[in-house]
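Positions 3 to 434 (the working numbering) are the ones given, in order, by the sequence shown. Take a look at the structure set out below.
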Amino acid sequence: MDVNGTCYHLLLGLQDWQRSIGGFPLGFDQDTQVVTLAPEVFHFQAHPNDHQPKATDLRSMGADVWGNVYLISEDRKAVHLIRPGSKNPEVYWVGEVAPPAQEHGAFSDASVPETQSVLLNSLAVTESQRLVVAADHTLFMFDLLGGGPAQVQQVKAPLSGQIQHLYPRNAAGFWLLETNQMQNFLWAFDAQLRPIPVETTSEEATFAEPTEKRVLQKTTGHRHDLGQQDVLQMVFLDDETGLFLTSQGVFRWTIQKGLEKLEVHLPDGFAPGFALHGQKGAFYLVEKQGNQALKFRLGETNPQPCYFPLRDYLGKGLVLSRGRIHYHSENGILPLAEQPRPRFKTTGTVLYCFDGKETGCVWHRLFLDADMEPDTRIEIRAYATNQVLKPGQAPKTKWLKPQPAPYVRGLGREIPLEPHDQGFQTLETLFQ
């Protein structure tokens, strides 16, 4: 405010603060609309001899309601099972199928066909507790509620390419990613393992009443074209929003807009890794060294200042089990848990030019609506001049004179009809 109380210069909102000289090196909370110190993500420094996860280490994983985790084996020829509290995987099913039976004459010898091994690409556990395992062109289904040994049911899907990825849907079905000649296509399957939508027609039944009709269902389905992205992993936050981790970055897919690249800014020293998972409007991205995961909110480009360590991470990816994100380590399946660490930088400086548009204008006082922690303080330095500074030009540090420490203003806030949020006070200092 200037000396006679007639001119105000208000900074309210991110756009106002971003007009500061030399950029805006502080943080801004979009939820509370307040300025903070710059967020800082704790970076665990890996040992040079540590094993770095590779894209080839990724394995498709899924979990049932009892906390059992299923994953593809290293050689892609079996499905392994890791029970809660155990770190040693056991073989749940070996990917072997019998060839089609050959017809023989009435008096010929019947030979027992040898089973053939298949390479497994992905798996998913649906909400109806069915384990669906995908080979290149075939789906295998296991009923986990039935108990007992694994019972295989082969399901033929109307696909022309190779099945690369599976992920469960909220409606007890699953999503399927098909690759055909470098082109990716996304399919949705229902709880009966039929591609969606299912065409329904009716026709008159033979040898029946004239009004009786029978219903015929034709499983044609509809596929969504996703282009030629090299997809490493896919997860779905709901039945309309999916996230795809590719070698080109992270993409979001919606039914309305299709595939869109997300702007993801990593702090200095971080590089994107090869594992991703999402939950409740956010997603977790494992950094390249495999020692921690970064949490991003959808719609925000910078990670949350949270530290999610990955202890003895094996690079096989993340899995959602019992409502929490887990990861596969040398000690079994462990929950991804935040550990408290410093979340902000200790200092921050912002330079702003208050222009009164009049020669000799004297600025009188400065108000700050702030919620100050006990161990923090604000230092104010000022410099007055009648010369117009060039855009982006900052005054020399020696010109900036220290000002009195701000104190709590007795008259309260100057902005009318805008009550303070809880914990906020108006601080005031008089320019010297």
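Note that CB positions come from ideal geometry on N, CA and C, so glycine has one too. As the structure is a computational prediction, the values presented were derived from the model and not from experiment.
Three or more Cβ pairs closer than 8 Å define a contact, and the segment 330 to 337 falls short of that threshold against the segment 271 to 291. Residues of the same chain with a CB within less than 8 Å of the CB of Q395, apart from the 5 flanking positions on each side, are I23 in chain order. The criterion of a C-beta distance shorter than 8 Å is satisfied by L300 and A284. Contact between the segment 18 to 33 and the segment 248 to 256 is absent, with fewer than three C-beta pairs closer than 8 Å. Secondary structure in the segment 120 to 198: the beta strand (DSSP E) runs of 3 residues or longer, each lying completely within the stretch, are 124 to 127, 132 to 136, 140 to 145, 155 to 158, 164 to 170, 176 to 182, 185 to 191 in chain order. DSSP places Q427 outside any alpha helix (DSSP H); the residue lies instead in the beta strand (DSSP E), whose first and last residues are 427 to 432. The C-alpha of D59 is placed about 12 Å away from the C-alpha of L320. By the 16-neighbour rule on beta-carbons within 10 angstroms, V233 is buried. D31 sits in a strand when the DSSP states are folded into three classes. Within its own chain, no residue has a Cβ closer than 6 Å to the Cβ of D52 once the five positions on either side in sequence are excluded.
The segment 335 to 352 makes no contact with the segment 396 to 405, as fewer than three CB pairs between them are under 8 Å. One Cα belongs to P307, the other to K347, and the distance between them is close to 10 Å. Taken in chain order, the whole alpha helix (DSSP H) runs of length 4 or more contained in the segment 28 to 107 number zero. Non-local beta-carbon contacts of A137 in its own chain, meaning distances under 8 Å to residues more than five positions away in sequence, involve G97, V120, L121, L122, N123, I165 in chain order. Under the Cβ criterion (8 Å, minimum of three pairs), the segment 70 to 81 does not count as touching the segment 366 to 376. One Cα belongs to G175, the other to L133, and the distance between them is close to 11 Å. Non-local C-beta neighbours of F310 in its own chain, meaning closer than 8 Å and more than five positions away in sequence, comprise Y286, Q294, A295, L296, K297, L338, A339, E340, Q341, ordered along the chain. Partner residues in the beta bridge of E289, as assigned by DSSP, are P274. Looking at the backbone, the Cα of E381 and that of F426 are separated by about 18 Å.
Judged by DSSP secondary structure, D227 falls within the beta strand (DSSP E) whose first and last residues are 226 to 229. Residue environment: A277 is assigned as buried (16 or more neighbouring CB atoms within 10 Å of its CB, all protein chains considered).
Non-local beta-carbon contacts of L147 in its own chain, meaning distances under 7 Å to residues more than five positions away in sequence, involve Q131 in chain order. In chain order, G334 place their CB closer than 8 Å to the CB of S88, counting only its own chain and leaving out the 5 sequence neighbours on each side. For the pair R411 and L391, the CB atoms are not nearer than the 8 Å cut-off. The beta carbons of R85 and I74 sit no closer together than 8 Å. Here L228 is near N186, since their CB atoms are less than 8 Å apart.
Contact between E76 and L83 is absent: CB atoms are separated by about 15 Å, not below the 8 Å threshold. A Cβ-Cβ contact shorter than 8 Å links H167 with M236. When the five nearest sequence neighbours on each side are left out, the beta carbons in the same chain lying within less than 8 Å of the beta carbon of C355 are those of I23, L391, in order along the chain. Using a 10 angstroms sphere on the CB of V364, the tally of other CB atoms stays under 16, which defines it as exposed. Distance check between E42 and each of A384, G317, H267, L316 places H267 closest, using alpha-carbon atoms only. Collapsing the DSSP output to three states places Q281 in a strand. Note on geometry: alpha-carbon atoms of H49 and P397 lie some 43 Å from one another.
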